[in-house]
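A.B. asks: One point on numbering: in the numbering used here, the residue at position 184 of the sequence shown is 164, and numbering is uninterrupted. My structure is below; once you've seen it, I'll send some questions.
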Amino acid sequence: MQLLRQDARHETDTGMLAACLEGDQQAWDLLVERYTRLVYSIALKSGLGEQDAADVVQNVFTIVLRRLESLQQPDRFSAWLITTTHRESWRFKKAQREIGLADGVDPVDPDPAAEELAIEWEHASLTHQALHAMDERCQRLLTMLFLYDERPGYESISIELGVAVGSIGPIRARCLRRLKKRLAEVGIVDAHRT
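Structure (structure tokens):
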């Protein structure tokens, strides 16, 4: 059995996006695999059912494919993808409400957890904003560690960020402290809790 050697460009989003633009099917498959769970979870948390969330995943990756050539900042792909997923989930829910209104169905959400979901979505949005207000290195590191479906190894992160493997842990700790401070400023976390 012959093992396929993974292209080094597939280690980072920027490299994977460049490979996708060159028609690399393996890069596209890896990109979809890396982010499907994230997109699906955002759609679910927006209040969609499992089937509707799966439809949103398909729609989002169709949008990615269409806009691949026009992405302005490939290094911020995950942030763009999260925003796109939130918007697509919102559009999907809006379309469902409009269909419900046309059918004479009461548009009021019967789910008592809707308010809790709205708060959770607001927290996610504020966290996203806090992350992207940080310096680029922290953004990239925290995105790789916590937003990728498959967490890359420290060796890959070292190459992507251009830092020594032994520096990643301390950088991660500093970045998380900064993120926690920003989140405390907007009231999402208690700054005094560990």
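For every residue, glycine included, the Cβ atom is placed at its ideal position computed from N, Cα and C.
In the structure shown, what three-state DSSP assignment does I168 receive?
C.D. replies: Correct three-state label for I168: coil.
A.B. asks: Measuring only the C-alpha atoms, how far is K25 from A164?
C.D. replies: About 23 Å.
A.B. asks: Round the Cβ separation of S69 and L111 to the nearest angstrom and send it over; I've been treating them as touching at under 8 Å.
C.D. replies: 19 Å between Cβ atoms; not a contact.
A.B. asks: Between R157, A(-2), G(-5), T16, which lies nearest to L127 when the distance is taken from Cα to Cα?
C.D. replies: Of the listed residues, the one whose Cα sits closest to L127 is T16.
A.B. asks: Relative to the C-alpha of D35, which residue among I22, R46, R47 is closest?
C.D. replies: When each option's Cα is compared against that of D35, the closest is I22.
A.B. asks: State the DSSP-derived secondary structure class of M(-4), mapped to helix, strand or coil.
C.D. replies: It is helical.
A.B. asks: Does the beta carbon of I139 sit closer than 8 Å to a beta carbon anywhere in chain C?
C.D. replies: In the displayed structure, chain C is absent; only one protein chain is listed.
A.B. asks: Please report the residue range of the alpha helix (DSSP H) in which L11 lies.
C.D. replies: Element bounds for L11: 5 to 25.
A.B. asks: For I148, which residues in the same chain have their Cβ closer than 8 Å to its Cβ, ignoring the five residues on either side in sequence?
C.D. replies: Counting only Cβ-Cβ distances below 8 Å, and skipping sequence neighbours, we find L121, Y134, I137, S138, L141.
A.B. asks: So which of L45, G146, V37 has the shortest CA-CA distance to M(-4)?
C.D. replies: It is L45 whose Cα lies nearest to the Cα of M(-4).
A.B. asks: Rounding to the nearest angstrom, what Cα-Cα distance links E2 and D115 in this structure?
C.D. replies: Each residue's alpha carbon lies about 30 Å from the other.
A.B. asks: Comparing alpha-carbon positions, which option in I62, I168, H103 lies nearest T123?
C.D. replies: Here the closest residue by C-alpha is I62.
A.B. asks: Using DSSP with H/G/I as helix, E/B as strand and the rest coil, what is G133?
C.D. replies: Note: G133 maps to coil in three-state DSSP.
A.B. asks: State yes or no: is the C-beta of D32 within less than 8 Å of the C-beta of T(-6)?
C.D. replies: For D32 and T(-6), no; Cβs fall outside 8 Å.
A.B. asks: Could you tell me which of V143, Q109, R131 sits nearest to L159, measuring between CA atoms?
C.D. replies: Comparing Cα positions, the closest option is Q109.
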